[in-house]
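Chemist: Taking mature numbering (1 follows the signal peptide of the UniProt record, and there is no 0), I'd label the letters of the sequence shown as residues -27 to -1, 1 to 1014.
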Amino acid sequence: MAPPARIRWFAVVLAIVVSFLISPSTAIYCDEDDCYDLLGVSQNANASEIKKAYYKLSLKHHPDKNPDPESRKLFVKIANAYEILKDEATREQYDYAIAHPEEVFYNTARYYRAYYGHKTDPRAVVIGLFLILSAFQYFNQWTRYNQAIAMVKKTPAYKNKLRALELERSGGTVNKKKGNKQMDKKKEEDLSKELDLQIKGAEKPSIWELIGIRLILLPYTIGKLSLWCGRWLWRYKVKQAPYSWEDASYLTQRSLRVPPDAWRNIEVHGDALKASEDLNRNFRIFTCFSYTLHGVEVPQARLALVSLAGSLLSIQLSFCKTHRLLIPPSPSNILNTSLRLGVRRPSKPGTFSALRSHATRYSAMAQPQIGYLVPLNEKLEEDTLIPQIPLFRGVNFIGRDSFSLSDKRLSRKHLTVNVSPDGSSSLIVEGTNPVVVNSGNSRKKLYSRENSTISGSDIIELIPGHYFFKYVILGGDKNVSFIDTHKRVSNDGREPGKCEALNGKRLRRVSEDEVSTRNSKTLAVENNGRVGGSNLVTKNSENSLSKRDSLDEVLRHFQVSKDLLPLTFRLLQVQGLPQWANTSCVSIRDVIEGDILIAILSNYMVDIDWLIPACPILAKIPQVLVIHGEGDGTLDHMKRKKPANWILHKPPLPISFGTHHSKAMLLVYPRGVRIIVHTANLIFLDWNNKSQGLWMQDFPWKEKNSSRKGCAFENDLIDYLSALKLPDLSVNLPTRGRFSINASFFKNFDYSNAEVRLIASVPGYHMGTSLKKWGHMKLRTVLQDCTFDKEFRKSPLVYQFSSLGSLDEKWMAELASSMSSGLSEDKTPLGLGEPLIVWPTVEDVRCSLEGYVAGNAIPSPLKNIEKTFLKKYWAKWKARHTGRCRAMPHIKTYTRYSDQKLAWLLLTSANLSKAAWGALQKNNLQLMIRSYELGVLFLPSKRCSVGFSCTTNSCLPEEKCESSENSRERKTEMVTLNWERSLNTVSSSSNVIKLPVPYELPPQPYSSEDVPWSWDRRYSKKDVYGQVWPRHVQLYAGQDS
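#1: Taking just the CA atoms, how far does Pro551 sit from Asp996?
#2: From Asn661 to Trp236, what distance separates their C-alpha atoms?
#3: In whole angstroms, what is the alpha-carbon distance linking Tyr972 and Phe109?
#4: Under the assumption that Trp1002 contacts Tyr825 (Cβ atoms under 8 Å), give the Cβ distance between them as a whole number of angstroms.
#5: If the criterion is Cβ atoms closer than 7 Å, does the pair Ile648 and Val564 meet it?
#6: Taking the alpha-carbon of Thr866 as reference, which of Leu805, Val970 and Glu953 has the nearest alpha-carbon?
#7: In this structure, what does DSSP give as the bridge partners for Asn391?
#8: Taking only the alpha-carbon atoms, compute the straight-line gap between Lys381 and Val597 and give it to the nearest angstrom.
#9: Keeping to the same chain, check which residues put their C-beta closer than 8 Å to that of Ile186; ignore five residues upstream and five downstream.
#10: Taking the beta carbon of Lys443 as the centre, do at least 16 other beta carbons fall within 10 Å, making it buried, or is it exposed?
#11: Keeping to the same chain, check which residues put their C-beta closer than 6 Å to that of Leu30; ignore five residues upstream and five downstream.
#12: Using 8 Å for Cβ pairs, my map puts Trp747 next to Ala892. What's the rounded Cβ distance?
#13: DSSP beta-bridge partners for Glu355?
#14: Can you tell me where the alpha helix (DSSP H) holding residue 1069 begins and where it ends?
#15: I need the straight-line Cα distance from Gln1007 to Ser775, nearest angstrom please.
#16: How many Å lie between Ser428 and Phe765 at the Cα?
#17: The beta strand (DSSP E) with Cys673 in it runs from where to where?
#18: Consult DSSP for Met740 and reduce its assignment to one of helix, strand or coil.
#19: For His651, which of helix, strand or coil comes out of DSSP?
#20: Is it right to say Cys202 is buried, meaning 16 or more other beta carbons lie within 10 angstroms of its own, or is it exposed?
#21: For Asn829, count neighbouring C-beta atoms within 10 Å of its own C-beta (all shown protein chains included) and say buried if the count is 16 or more, exposed if not.
#22: Roughly how many angstroms separate the alpha carbons of Pro42 and Thr63, rounded to a whole number?
#23: Could you pull the DSSP bridge partners for His35 from this structure?
#24: Using only the alpha-carbon positions, how far apart do Lys967 and Pro802 sit?
#25: Under 8 Å: do the region 753 to 767 and the region 714 to 725 share three or more Cβ pairs, one atom per stretch?
#26: Could you tell me the distance, in whole angstroms, from the CA atom of Lys127 to the CA atom of Arg991?
#27: Using a Cβ-Cβ cutoff of less than 8 Å, which residues in the same chain neighbour Asp395 once the five nearest sequence positions on both sides are dropped?
#28: Around the C-beta of Lys636, are 16 or more other C-beta atoms found within 10 angstroms, so that it is buried, or is it exposed?
#29: Looking at Phe921: is its Cβ nearer than 7 Å to the Cβ of Asp671?
#30: Name, in chain order, the residues that DSSP records as bridge partners for Val965.
#31: Report the partner residues of His622 according to the DSSP bridge assignment.
#32: Can you grab the Cα-Cα spacing for the pair Asp10 / Leu188, in whole Å?
#33: Quick check on the burial criterion: 16 or more other C-beta atoms within 10 angstroms. Buried or exposed for Gln894?
#34: Taking the C-alpha atoms as reference points, what is the distance between Lys887 and Lys418?
#35: Answer with buried or exposed for Ala97, where buried requires no fewer than 16 other C-beta atoms within 10 angstroms of its C-beta.
#36: Lys210 lies in the alpha helix (DSSP H); which residues open and close that run?
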């Protein structure tokens, strides 16, 4: 029985609820009053009458008009009645309640739903729900991840790894007093940050795995899945093509019903993986499965028992189940598994490749050997430094692991060779790069997923022009057993182990004599087509040159006569490169020379302690004006150290975060002025260790009382110099008189023979006529007036620079629109080009001439580099033809190309940033630029022979150069140094100008293993000098900064 008190309370509550429910349903609107009576209107009154009645009563009973408390209470009721009757929906509900008072529950529900029900859009509720679930999922993932990391850190393996890393950092020594003690927490945290822990099943949280994001991407996922299914049906059901490695792996996993996460963790595909016996002595791996290749069941068979010397590793593979497996166990996977489970990786360079080849031979013993691939050098003679590759009956996978080459152009599974018992073989290209098959007199290039048949004595080029292998069938023209060939000794008597060690260093170069001979022949061909010793080449030499397949040492041929230097640009000399790599390259003394009266040096960084000793003539020039972008600390040092004849000037920067970044020199001589535009800061590292570019041209004084109007080059130069706000400087020039050195002074020179256009940036908010004077809008304006060959329609773009700003896709499209401007021969727009960004990888910087120090001049933070949309743009810095693969780029170039032909090229100081190029604002009516930049644009529309020099007594040109639209000069084509290898055709009436673009075109996109360099990331892998990053870099000779 319940207590009496509880029963009484329950009765009271029930009575209150019942009394509330049976009360008139109209009472919930205006209490006991009638809403119409409160306003003094009839039930048939319209909205206007109700409104007038409310205003009339408000004037009488509003608290501001009538302070009586009773009047205030009445006004509250009046206002409530008006709120109910002014709205058609609530008035209709009220009228219904008056007409049907017996429907108490219905009327009450309608009232509370109208006034207290939620008014939120259901779609917003669903979105909010998914956001909440996503947030919960994200925090849950972090919790699981942190818990997994904490558990891993408690394992002995992790602690051993930390101890090994500590030994590596300390150079292999540990303090004896502390050697047996636990590592202190701070050091442990520092070392653990360098270990990239990847835990399957507890991965680091990613927003792409959240339920909300996956729901948004559901249509894309469904479309991708549908495309994959269609591709699968077409390739394997319709065309009956053989299964690729990945697809066969998928079928195997599905047949075994192994979960995807578990399958990814299995290095050797099988049903069971067991380890037994002492791992330090003998390690056995038993894998049982049946094996089906292209639908043909292989009976149960024991594959092999492999004993690996050095690590005492025994591997036994058995086929014992009936699952349909399409992939044989890979020897490389077997080795990787053994290493992961406790076998130490051999330390000697050649040992691991020996173990791998050892495992490859014996793991294939179940099938008879049919032939092998014999490595050849460029003379097509056997290369004893690379081991032969045996080919067994069935499927053979060939890749860079087959002979331990580090060239990333070779995929790990580069080729699939299916060998028949009679020796005939079919070849399928699995990698992304093409493969060439030479059979008799025919040469066939195969691209990814293409196939071909090969027979005995055919030669395969794994990369066109590189890595030659001859297919030899056992019992054929070179019947040497496999074991014998494995025991062979190289020509110089070295044992195979030593040969493989040398092969690890990959010292495969053509001999100097051979290269010199080849280059001299090429030079002779080129000289036959030269015009006055220039770099103008006619079509007659093209066919001979196009047959060359090697990219090596192309720069050796680049010779330009002095009178034609303005037609092209040159690279700066780099220390530590072979002599051929500095052919036609310049140093600072080559450009600052002669009897200079006035020198204007424009740059961002100026190391005065290095500059004057490197170029002593600067101390003797009567007047030197240095326009710089240095900060206060370096500026104070410059003021203390500068010669008395030097004047320092920093241009105004009206917008924050801007710099003076232009790199140029204006040298005034008695005979004229030399204009130099380049990419190097005035510091030692930039002029000696990096890939840089420089253009220069000399211009004579104008004749007195000349009425010649200024050309486009002159107008652009004067406009830019005016924006610098040069200080007042008055000088007395011999035979010329007194001048004020300002922007107008440079109108005294004749620029009509200028071979380039100036593209400059000036900080500010540019509108109206100034909108198209600067930045990418200036480039757009110039290109819009140019006509290009039809082959450049929708041709690609290349952006190459040394610092990446904070970008977005909208601005990238804006810049691409400017750089895609121009008309084809039929006066239609060229169309948008797809850009690629040439940017060094971490490995490029680590292995460069300077090591990680080179990365200090590639200053882009991780937040700018890791933007997802940039992944499609990354391309590698490859510069074999100029010898500058290890000379990291500080040069900045932008170009549009087709094969090896260039529509135009811009050599500039501008990096890829909004600050340098400008960003459109206010509906494209305003261009905002933060920094000063300067570059020269090479176009095929202006090309002449220029014989004038400020430093020699050459004659002034008698004829002035005009644009190709206004003259009948020969058509000019611009090409790269690799143009000889191209299949492009050039008109017989055309001149060809070679531009020494330091990187290879077309650029090679990043692979999945390539990581773009970022200077604020930690790199623990040591560089060529044994250093890690970050570290201190000294940029100035006389300072510690």
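Where is the CB? At the ideal position from N, CA and C, for every residue including glycine.
Modeler: The answer reads as follows:
#1: Computed Cα separation, rounded: 21 Å.
#2: Each residue's alpha carbon lies about 52 Å from the other.
#3: Roughly 48 Å separates the two Cα atoms.
#4: Confirmed, about 4 Å.
#5: Not in contact: Ile648 and Val564 (Cβ atoms no closer than 7 Å).
#6: Cα-wise, what sits closest to Thr866 is Val970.
#7: DSSP output for Asn391 lists Val368 and Ser399 as bridge partner(s).
#8: Separation of Lys381 and Val597 (C-alpha to C-alpha, rounded to the nearest whole angstrom) is 49 Å.
#9: Excluding sequence neighbours, Ile186 sits near Ser107 and Ile180.
#10: Looking at its Cβ environment, which holds 16 or more other Cβ atoms inside 10 Å, Lys443 is buried.
#11: Closer than 6 Å at Cβ, skipping near neighbours: Ile51.
#12: By a beta-carbon distance limit of 8 Å, Trp747 does not contact Ala892. Their separation comes to about 12 Å.
#13: Bridge partners of Glu355: Leu349.
#14: Because the chain spans -27 through 1014 in this model, residue 1069 falls outside it and cannot be assessed.
#15: Cα to Cα, Gln1007 sits roughly 19 Å from Ser775.
#16: Cα to Cα, Ser428 sits roughly 41 Å from Phe765.
#17: Looking at the sequence itself, residue 673 is Pro, so the reference to Cys does not match. It spans Gly666 to Pro673 - the beta strand (DSSP E) in which Pro673 sits, taken as one unbroken run.
#18: DSSP places Met740 in strand when its eight states are reduced to three.
#19: Of the three classes helix, strand and coil, the one that applies to His651 here is strand, per DSSP.
#20: Cys202 is exposed by the Cβ-count criterion.
#21: By the 10 Å Cβ count, Asn829 comes out buried.
#22: The alpha-carbon atoms of Pro42 and Thr63 are separated by roughly 29 Å.
#23: Looking at the DSSP assignment, His35 forms no beta bridge with any residue, so it has no partner.
#24: Answer to the nearest angstrom: the Cα atoms are 26 Å apart.
#25: At 8 Å Cβ cutoff, the stretches do not touch.
#26: In a straight line, the C-alpha of Lys127 is about 25 Å away from that of Arg991.
#27: Leaving aside the five residues that flank Asp395 on each side, none in its chain has a CB nearer than 8 Å to its CB.
#28: A residue is called buried once 16 or more other Cβ atoms fall within 10 Å of its Cβ, and Lys636 is buried on that count.
#29: Result yes, Cβ atoms of Phe921 and Asp671 sit closer than 7 Å.
#30: DSSP, once it has assigned bridges, lists Glu946 as partnering Val965.
#31: Its beta-bridge partners are Ile600.
#32: Spanning the two alpha carbons is a distance of roughly 56 Å.
#33: Exposed, by the Cβ-count rule.
#34: Rounded to whole angstroms, Lys887 and Lys418 show a C-alpha spacing of 42 Å.
#35: Here Ala97 is exposed, its C-beta having fewer than 16 other C-beta atoms within 10 Å.
#36: For Lys210, there is no enclosing alpha helix (DSSP H), as DSSP marks it with neither H nor E.
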